[in-house]
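Visitor: What follows is a structure written as structure tokens; I'll ask about it next.
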């Protein structure tokens, strides 16, 4: 707990001294990154992904890497990375836990898989980060709003409305 500016060693406590303001629990005190690297075949290399994750300050012991196709439904290292991220978040709820991958195709084969993963991460209070590709950066799907839609009428008029 922070110490008020007027308090310190050797200073007496005075009744009525206001307590310091509490720290907002929604304010993360640290970022903890869990990295995941994957390639589809044994002949492909993982080193460039591992280097990119290391450059983003993901500790080597928190990088999960495997050579396995996304067609395989059970990916042991992927599941272990998700489990580690959930466990860290459960033990350090004040920290922002970021699931970091090099690019989105390392996670799944189609938009449905990626959407399901993003929903899973958001449900557990985790954040998804991609280092390259069209969606590079930290993604916040739970904060996204659908864009406004314009409805064109036959008579040439239009009206703006929110996406249902």
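In our numbering, the protein residues as written are 2 to 165. Glycine is no exception: its CB is placed at the ideal position from the N, C-alpha and C atoms.
State whether the region 94–111 contacts the region 49–61, with contact taken as three or more CB pairs (one from each stretch) at a distance under 8 Å.
Guide: Yes, the region 94–111 is in contact with the region 49–61.
Visitor: By Cβ distance, which residues of its chain are closer than 7 Å to residue 165, with the 5 residues on each side in sequence left out?
Guide: Mapped onto the chain shown, residue 165 falls at position 164. Low confidence applies to residue 165: its pLDDT is 47, below 50, so where it sits in the model is not reliable, and the reading given next is rough at best. Nothing meets the Cβ criterion.
Visitor: Alpha carbon to alpha carbon, how far is residue 131 from residue 73?
Guide: What you label residue 131 is simply residue 130 of the chain shown in a count that begins at 1. What you label residue 73 is simply residue 72 of the chain shown in a count that begins at 1. The straight-line gap from Cα to Cα measures roughly 22 Å.
Visitor: What are the boundary residues of the beta strand (DSSP E) that includes residue 129?
Guide: Your numbering for residue 129 matches position 128 in the chain shown. Where residue 129 is concerned, the enclosing beta strand (DSSP E) stretches over 128–131.
Visitor: Given residue 90, which residues of its chain have a CB within under 7 Å of its CB, disregarding the five upstream and five downstream residues?
Guide: Taking the first residue of the chain shown as 1, we reach residue 90 at position 89. Same-chain partners within the cutoff: 98, 125, 126, 127.
Visitor: Who are the near neighbours of residue 139 in its chain, counting only those whose CB is closer than 8 Å to its CB and skipping five residues on each side?
Guide: For the purposes of this step, residue 139 is identified with residue 138 of the chain shown, where counting begins at 1. 99, 128, 129, 130, listed in sequence order.
Visitor: Going by beta carbon distance, what residues of the same chain come within less than 6 Å of residue 87, once the five residues before and after it are set aside?
Guide: As a first step, residue 87 is located in the chain shown; it is residue number 86 there, counting from the start. Within the same chain, residue 87 has close Cβ partners 125.
Visitor: Rank 110, 36, 68 by C-alpha distance to the C-alpha of residue 83 and give the top, closest one.
Guide: Here the question's residue 83 lines up with position 82 in the chain shown. Comparing Cα positions, the closest option is 36.
Visitor: Any idea what DSSP makes of residue 72, helix, strand or coil?
Guide: Here residue 72 is taken as the residue at index 71 of the chain shown, counted from 1. Reduced to three states, the DSSP call for residue 72 is coil.
Visitor: Provide the residue span of the alpha helix (DSSP H) that contains residue 120, from first to last.
Guide: As a first step, residue 120 must be located in the chain shown, where it is residue number 119. Residues 112–124.
Visitor: Do you know how far the Cα of residue 62 is from the Cα of residue 162?
Guide: Locating residue 162 in the chain shown gives position 161, where the first residue counts as 1. Locating residue 62 in the chain shown gives position 61, where the first residue counts as 1. Residue placement at residue 162 is poorly supported in this model, since its pLDDT is 49, which falls under 50; the coordinates still yield a value, given next. Their backbone Cα atoms lie some 49 Å apart in a straight line.
Visitor: In terms of residue numbering, what span does the alpha helix (DSSP H) encompassing residue 52 cover?
Guide: As a first step, residue 52 must be located in the chain shown, where it is residue number 51. 48–56 is the extent of the alpha helix (DSSP H) around residue 52.
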